[in-house]
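Protein chains in written order, with this note's numbering: chain A, 11 to 494; chain B, 2 to 491.
The beta-carbon is built from N, C-alpha and C at its ideal position, and this holds for glycine as well.
What you are looking at is a predicted structure, and each value in this text was computed from that prediction instead of being measured.
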């Protein structure tokens, strides 16, 4: 057992990627229901392997290992923090998708499960890639898997949404590639670890390249105003596509932005320009996402727009370029992951599309109602939730750097959260059910329970978040102070 | 019982009470006993804490550490102990009255109503004993969320609209104004712990102090400072037991406690730096008092009239707290007790009257005292206290307030005059009403419940009215008891 654990730890950087890829291949070959179980187990294994490394390095302060020669991977603080988060989110989403798989044709279930694991592979790869080329390839893998998953959903609307995603993703990819090209011409390297010490010939061009790269990924993360594709992608509430895309897809892309920013926004030569770009984009996303969420009439879209507002907060954090800023971004990322799981899971459990479907859901489906309420109060930034903690850390870091306006943006997001979150809670608990229950009603509906319960527990972690804060602080410090 | 255990008891008992009330909905008798016993235990714990505060025991309870150097902490100090004892003591009467009301009105969801009343009580206790601004903010938000279901209890469109107004106003003010002030204070003082003498004392410049004071006071919308007072009249259509909680036992007192805590423990001597803002806010509160009392005069529905009347009384707390004098703080603390006693009694009396007679309009009250003498005797005494007639509680609070405002150190004769005008207007909207109810000709038409009010409905009103005499005998002792608050005040 110990030997197996040692072997696992020796190959800890590569193992999650192998598990995800092999799991995807096996899921393709299995019967429909078995493919679901296998994919879930593969994601859980990924979560276990990555969490083991994270706990040892970020909490127990074990030394950061060096990746075996020849494998183009690079371990850093952000990657170490975000990888288990990603894998856990994917595992929960995969487990929950068991309840809503009937939304797509039975014969495509194995393929859908394989695509989710491909997404996980892609985002984990982007969080561990050693150079920008590797990051690009990994992001594309994840994104194309997302598009394909959406395309397999029933109905022309889903196909239309997939085409919009494909188009938007194409633009994002072009921006990223252009950025890589310009960046390479100015910096002379694609190695992430070499950026901080590289001799940069043209700072403006390098900053432009970095900005385009971040813009490309921001488009895929649904950062406002680059999130036009979301309207089409989040039309159907119940299927696995919205569930996975709203959780795994968004969190993965945001984690990659934080990691890239950890290298480019902290560079002494180009950091300032990149920070300004991130701050402007972040501020705009907070405002636009919040306003759109207030006006949304569809729960999954509301969750997506509120997520865009939260994503803006994350960009503001990383724009600070300090260890405290990166730690705050990671806490916000965790808070967003918990809220997204709660809202998208709750929407799938209740079959909620229009907000009217929420009426009385708190009584008809108590766990789903509790999850949506938890997500709503976390998005509001109510005290003692993970959402409040994330915002508090942003304000703390922002005020420390003299960015008072960032505190203003956070308060604006919270105020908007009061309106859209309050509306959700009122419908859940203070209205009579006006329609039949739309959610899954067979025994498989219990597959959603772990996701909903985990999201509620995660949001409640805001009461005693010492472990999370320690890990986030270590990750931020390791990213900026301990570049390998 | 140790003081720490009593502090835990005062916070946890109402929560447990709420859970038990929901779990033991049937038989109704058991549910009501649980509700009343829970309120009684809370009151006993609060009384124990008054003893601890009088002995100047150091009692602190940290429930969690949600932020690196800020805990979810509670501490026993004189202001919190006094408020908790008064509110939980009246809470026992309210529990008995609520048990009678849900029977008399055949309430459809009595357990839910009682459970949220208990949860509101827990949050109010947490507000009173909060040890720092963060804990206060958490408790304040919890109180808002606990009372929202009470406001929207009826579930019809009108109730939902009232609930939305209530939630939007209180949460928006606390997040949009109070939260920035809290963050700013943290940035200046590096901590959020309440300190006798003020955490901002000597650390804040004049412009910052003025802005911070405005943000804090307006952020505490529970104090009903105009223009953030719409939630109060809007919520006046809530069920009668909920109204007692909103106006007498939880929301308005919590707003008052918040303003006093900010003035004494956040600003302290720094209130002098914020002189411009405090004068403006005192002026706003004074004018608001008069206008609220005037609007009350124009309202025919008793619930709306009481809502505006309570608003006027709540603004007196704000004026006392901001006058930057020890006697102002004392007046504000007394006013919270007086307001709680009078508002609770009046709301219960109005509820009893409505349950028995279905009458709620001013013109329908003529002669009702002839058929419900106990209820309307209580109504009259509580009205006298609200007006500020001696020897009732309201008189002592207003006397100290006028003295503080008009004293040479206060130098605000105009503000003292506004308090006097508001008292006259309060007399105009409550005095004749009580008099006509007691002296008018008894109505002859049949009531909804011709057998009259049960003891569960009448006794709490009488006992509440008796409580309005409390300050007559306790004022001196309270001055000594509360002195640690202002010993370091400006």
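In terms of residue numbering, what span does the alpha helix (DSSP H) encompassing residue i cover?
| i | result |
| --- | --- |
| residue 161 of chain A | 142 to 161 |
| residue 65 of chain B | Residue 65 of chain B -> not in any alpha helix (DSSP H); beta strand (DSSP E) instead, spanning 61 to 68. |
| residue 433 of chain A | 414 to 440 |
| residue 62 of chain A | 42 to 64 |
| residue 20 of chain A | 12 to 20 |
| residue 211 of chain B | 207 to 220 |
| residue 455 of chain A | Here residue 455 of chain A belongs to no alpha helix (DSSP H), and DSSP marks it neither H nor E. |
| residue 98 of chain B | 79 to 105 |
| residue 130 of chain A | 119 to 138 |
| residue 83 of chain A | Note, residue 83 of chain A: premise wrong, no alpha helix (DSSP H); not H, not E. |
| residue 273 of chain A | 260 to 274 |
| residue 312 of chain B | 303 to 323 |
| residue 125 of chain B | 111 to 130 |
How would you list, in chain order, the residues of chain B whose beta-carbon sits under 8 Å from the beta-carbon of residue i?
| i | result |
| --- | --- |
| residue 429 of chain A | 169 |
| residue 421 of chain A | 176, 177, 180 and 181 |
| residue 432 of chain A | 165, 168, 169 and 172 |
| residue 22 of chain A | None at all; the shortest Cβ gap to chain B is about 30 Å. |
| residue 405 of chain A | 184 |
| residue 417 of chain A | 181 and 184 |
Residues of chain A with CB closer than 8 Å to the CB of residue i, please, in chain order.
| i | result |
| --- | --- |
| residue 65 of chain B | 394, 473 and 474 |
| residue 68 of chain B | 399 and 402 |
| residue 188 of chain B | 409 |
| residue 161 of chain B | 436, 440 and 441 |
Taking C-beta to C-beta, are residue i and residue j nearer than 7 Å?
| i | j | result |
| --- | --- | --- |
| residue 104 of chain A | residue 151 of chain A | no |
| residue 473 of chain A | residue 79 of chain B | no |
| residue 333 of chain A | residue 138 of chain B | no |
| residue 338 of chain A | residue 396 of chain A | no |
| residue 263 of chain B | residue 286 of chain B | no |
| residue 37 of chain B | residue 121 of chain B | no |
| residue 278 of chain A | residue 399 of chain A | no |
| residue 217 of chain A | residue 283 of chain A | yes |
| residue 99 of chain A | residue 296 of chain A | no |
| residue 501 of chain A | residue 358 of chain A | With chain A running from 11 to 494 in the structure shown, residue 501 of chain A is simply not present. |
| residue 435 of chain B | residue 384 of chain B | yes |
| residue 427 of chain B | residue 388 of chain B | yes |
| residue 174 of chain B | residue 220 of chain B | yes |
| residue 392 of chain B | residue 473 of chain B | yes |
| residue 495 of chain A | residue 153 of chain A | Lying before the first or after the last residue shown, residue 495 of chain A is absent from chain A, which here runs from 11 to 494. |
| residue 245 of chain B | residue 310 of chain B | no |
| residue 244 of chain A | residue 219 of chain A | no |
| residue 176 of chain B | residue 365 of chain A | no |
What does residue i reach in chain A if we use C-beta pairs closer than 7 Å?
| i | result |
| --- | --- |
| residue 139 of chain B | 393 and 394 |
| residue 142 of chain B | 392 and 393 |
| residue 153 of chain B | 440 |
Taking C-beta pairs closer than 7 Å, name the residues in chain B that residue i reaches, listed in chain order.
| i | result |
| --- | --- |
| residue 425 of chain A | 173, 176 and 177 |
| residue 479 of chain A | 69 |
Mind checking which residues open and close the beta strand (DSSP E) that includes residue i?
| i | result |
| --- | --- |
| residue 73 of chain B | 71 to 76 |
Below 9 Å on C-beta distance, what does residue i contact in chain A?
| i | result |
| --- | --- |
| residue 411 of chain B | Simply none; closest approach about 35 Å. |
| residue 156 of chain B | 440, 441 and 442 |
Could you please tell me which residues of the region 373 to 387 of chain B, in chain order, have their CB closer than 7 Å to any CB of chain A? none
Any alpha helix (DSSP H) of 4 or more consecutive residues that is wholly inside the region 232 to 260 of chain B: 232 to 235 and 241 to 244
What beta strand (DSSP E) runs, 3 residues minimum, are completely inside the region 12 to 63 of chain B? none
What are the residues in the region 184 to 212 of chain B lying within 9 Å of chain A by C-beta distance? 184, 185, 187 and 188
If the cut-off is 8 Å on Cβ atoms, which residues from the region 245 to 258 of chain B count as contacting chain A, listed in chain order? none
Between the region 105 to 117 of chain B and chain A, which residues of the former have a C-beta closer than 7 Å to a C-beta of the latter? none
Determine which residues of the region 276 to 308 of chain A have a Cβ less than 8 Å from any Cβ of chain B, and write them out in chain order. none
For the region 203 to 250 of chain A, list the beta strand (DSSP E) runs that are entirely contained and at least 3 residues long, ordered along the chain. The qualifying runs do not exist here; there are none.
Alpha helix (DSSP H) segments (min. 4 residues) lying fully within the region 385 to 473 of chain B: Within the region 385 to 473 of chain B, the runs of alpha helix (DSSP H) that reach at least 4 residues and sit entirely inside it are, in chain order, 394 to 407, 414 to 440 and 456 to 468.
May I ask you to list, following chain order, the residues of the region 358 to 391 of chain A that have a beta carbon less than 9 Å from some beta carbon of chain B? Cβ proximity to chain B below 9 Å picks out 387, 390 and 391 from the region 358 to 391 of chain A.
Any beta strand (DSSP E) of 3 or more consecutive residues that is wholly inside the region 376 to 400 of chain A: none
Alpha helix (DSSP H) runs contained entirely in the region 297 to 375 of chain A, provided each spans 4 or more residues: 309 to 330, 333 to 360 and 371 to 374
What alpha helix (DSSP H) runs, 4 residues minimum, are completely inside the region 137 to 220 of chain B? 158 to 174, 180 to 190 and 207 to 220
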